[in-house]
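The structure appears right after this line, and notes come after that.
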Amino acid sequence: IGYSLAEQVIENKFDYYVLELSSFQLDDIEHFQPWIAVLLNITPDHLDRYNYSLDDYARAKLRLALGTFHNADHRLQLVREVNEVEYINDSKATNVEAAWYALDGVKRPIVWIAGGTDKGNDYAPLQPLAQQ
7 IGYSLAEQVI
17 ENKFDYYVLE
27 LSSFQLDDIE
37 HFQPWIAVLL
47 NITPDHLDRY
57 NYSLDDYARA
67 KLRLALGTFH
77 NADHRLQLVR
87 EVNEVEYIND
97 SKATNVEAAW
107 YALDGVKRPI
117 VWIAGGTDKG
127 NDYAPLQPLA
137 QQ
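If you count the sequence shown from 1, you need to add 6 to reach the numbering used here.
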């Protein structure tokens with residue numbers, strides 16, 4: 007429907023192109039890296055293509071976003087790996103909740119080095135995660 011993207015790119019008339027792509031159009035694409043991508047919705051549509059699983063359908067729609075996602079600096083940022091030890095900078099975790107989600111998201115053994123100024127927070131929610 008509409009104009010052929012291939013023809014538009016060959017004609018080179020525009021600096022930017024806006025595409026609306028469905029999950030099944032993206033299923034077999036491996037090297038598509040848009041400058042900006044927007045996920046508009048995830049609703050139980052087209053489930054017949056995804057084993058009638060909303061999770062599979064959501065994964066298909068999220069695949070593009072996850073493949074092009076760049077984390078913010080200082081937010082669970084890999085700094086370096088030395089002798090199979092990863093050093094991760096999460097200095098943006100400046101409150102208990104942010105630290106909790108960061109620690110909860112790591113599913114392997116870690117040594118957590120925390121610092122900063124005490125803001126009078128209740129650190130008790132972090133204790134179970136720090137003891138694992």
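Beta carbons are placed, not taken as given, at the ideal position from N, Cα and C, and that holds for glycine.
C-alpha distance - residue i paired with residue j, whole-angstrom precision
i: Ser97; j: Arg81; result: 7 angstroms
i: Val44; j: Ala64; result: 14 angstroms
i: Ile94; j: Thr49; result: 35 angstroms
i: Leu84; j: Val15; result: 37 angstroms
i: Leu135; j: Trp106; result: 8 angstroms
i: Glu13; j: Asp51; result: 30 angstroms
Residue nearest to residue i in terms of C-alpha spacing, selected from the options
i: Asp124; options: Glu90, Leu60, Thr100 and His52; result: Thr100
i: Ile116; options: Glu103, Ala130, Gln137 and Asp128; result: Gln137
i: Tyr23; options: Arg55, Ala108 and Gln39; result: Gln39
i: Asp196; options: Leu132, Asp51 and Gln31; result: Any answer about residue 196 is impossible in this case: the structure gives the chain only from 7 up to 138.
i: Ile119; options: Asp128, Glu92 and Gly126; result: Glu92
Which residues DSSP lists as bridging residue i, in chain order
i: Asn95; result: Gln83
i: Val117; result: Looking at the DSSP assignment, Val117 forms no beta bridge with any residue, so it has no partner.
Element boundaries [alpha helix (DSSP H), containing residue i]
i: Val15; result: Leu11 to Glu17
i: Gly73; result: Leu60 to Thr74
i: Tyr107; result: Val102 to Gly111
i: Ser29; result: Ser29 to Leu32
Beta carbon of residue i nearer than 9 angstroms to that of residue j
i: Asn69; j: Leu32; result: Inspection of the sequence shows that residue 69 is occupied by Arg rather than by Asn. Contact: yes.
i: Ala71; j: Ser29; result: no
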